[in-house]
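Worksheet: one structure, shown below.
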Amino acid sequence: MRKANQKWAFLFIFINLALFLLFFAWPAAFGVYYSFTDYNGNVSSFVGLANYIELFQDTSFYKSLWRTFLYTLLGVPFIVITSLFISVLLVSKHTKGKNVAKVIFFLPWLVSPIVVGVLWRWMFGESFGFINYVIQLIGGDPVPWSSDGTFAFLVVLFATAWMHVAFNMLLFIGALIAIPKTLYEAAEVDGGTGWQKFWYITLPSIRPTMFLVVLLAVFNLMKEFPMVQALTNGGPGTDTTFLVQYIYETGFNQMRVGYASAASMVLFVLLLVFSLLQFKFTKGGKVND
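For what it's worth, full-length UniProt numbering labels the leading residue of the sequence shown as 1, then goes sequentially.
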């Protein structure tokens, strides 16, 4: 029986290793190679560090990188706070209709990011959008959701939160349910308020899950592409062109695959830094003090 189990274990490991090598390691190796060439989709020649030198002298790259950081810096707290707030409501004994609410809040996770982008583009269209239609019905002026860079950025931010809250909500609900009820009962005996119980019991107890949610949100936002592409296509102008959109534009529209590969390596290094932070501050699923 033990030998049979070992065979199945090695089989599953081999399958996963083969998939990893085929769909990640092999393309990643090509990406590293192309970043040192002037590959345009047909022919390539080795150019050394020329792509990286040009990249770090490109103001458009720095603008897209800054937008990505701003998008992540604003989006991560928004997603985490919203997810946690909804999760606390859904596990509260005072909340009615929790099962229906869970289904409603989880539906965005089942929708394709492209569909999410199209849906929000329909809702916030300037001349045909549902939101502007309602605003005009109550006597207001239509809002330039897609022609004003600030408004377009805000729409992307809210669409991102709407799409990513569901999965994080499930993580938080699991962590909240696992908190021993005796801790809250002891706090009630000592006269603790609802806010005190949340601050001194709930938050410390879900700290490992909180850290995981933050890291996943950072990864998802820094790599977000299909939803933003379908919603704003990087516009107006380049106001919602993030780093992944910049890579797509240079690699596929301008056919500068080598240059885009160099930008991809920069993104890889940034994500690697966050991954190393995860290994540094977490061990066995627990956050170190």
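We treat Cβ as the ideally placed atom computed from N, Cα and C, and that holds for glycine.
The structure displayed is predicted, hence computed values, not measured ones.
Same chain, Cβ closer than 7 angstroms to GLY285, neighbours up to 5 away in sequence not counted: Low confidence applies here, because GLY285 scores a pLDDT of 46, under 50, leaving its location unreliable and the question unanswered by this model.
Euclidean distance between Cα positions of LEU55 and THR68: 16 angstroms
For GLY174, the first and last residue of its enclosing alpha helix (DSSP H): 149–177
Supposed close pair MET265, GLY31 - CB separation, criterion 8 angstroms: 7 angstroms
Nearest-angstrom beta carbon gap, GLY75 and THR160 [assumed within contact, 8 angstroms]: 5 angstroms
Cβ neighbour criterion (16 or more within 10 Å) applied to MET210: buried
Coarse secondary structure for THR232, derived from DSSP in three states: coil
Residues near ARG256 in its chain [Cβ-Cβ closer than 6 angstroms; skip 5 each side]: THR250
4-residue-minimum alpha helix (DSSP H) runs that sit fully inside the region 61–131, ordered along the chain: 98–110 and 113–123
Cβ distance (whole Å) where PHE24 is taken to contact THR37 below 8 angstroms: In fact, because the Cβ distance is near 21 angstroms, the residues do not count as touching under 8 angstroms.
Classification of TYR200 by the beta-carbon crowding that lies within 10 angstroms, buried from 16 upward: exposed
Burial state of ASN16, where buried means 16 or more other Cβ atoms lie within 10 Å: exposed
Meets three-Cβ-pair contact criterion under 8 angstroms: the region 128–137 and the region 156–174: no
CA-to-CA distance, TYR184 to PHE268, given in whole angstroms: 43 angstroms
As assigned by DSSP and simplified to three states, the class of residue 290: Given that the chain is displayed from residue 1 to residue 289, the structure contains no residue 290 and the question cannot be resolved.
Residues that DSSP places opposite residue 297 in a beta bridge: Any property of residue 297 remains undetermined from this structure, which presents the chain solely from 1 to 289.
Straight-line gap, ASP289 to PHE274 (C-alpha atoms, nearest Å): Residue placement at ASP289 cannot be trusted, given a pLDDT of 45 that sits under 50; what the coordinates show is reported in the next sentence. Distance between the alpha carbons of ASP289 and PHE274: 18 angstroms.
C-alpha gap between GLN6 and PHE12, whole angstroms: 10 angstroms
Residue interval of the alpha helix (DSSP H) (run including GLU185): 181–189
Enclosing alpha helix (DSSP H) for LYS197 [first to last residue]: 194–197
Proximity winner among TYR52, PRO142 and PHE172, relative to ASN102 (alpha-carbon distances): Note that residue 102 corresponds to Lys in the displayed sequence, not to Asn. Among TYR52, PRO142 and PHE172, the Cα nearest to that of LYS102 belongs to PHE172.
Cβ-Cβ separation, PHE242 to SER64 (assumed contact under 8 angstroms), whole Å: 6 angstroms
When ALA217, TYR259, PHE281 and PHE10 are compared against TYR34, the one with the closest alpha-carbon: TYR259
Given VAL118 as reference, the closest of ILE247, TYR248, LEU276 and GLN229 once Cα atoms are compared: GLN229
Exposed unless 16 or more other CB atoms sit within 10 angstroms - verdict on GLU224: buried
Pair within 9 angstroms by beta-carbon distance, VAL155 and SER146: yes
ARG256 in three-state terms, based on DSSP: coil
C-alpha distance - ILE53 paired with ALA262, whole-angstrom precision: 10 angstroms
Cβ-Cβ distance between LEU277 and LEU215 below 9 angstroms: yes
Close Cβ partners of PHE105 (< 8 angstroms) along its chain, the five nearest in sequence each way excluded: ILE86, LEU90, VAL165, ALA166 and MET169
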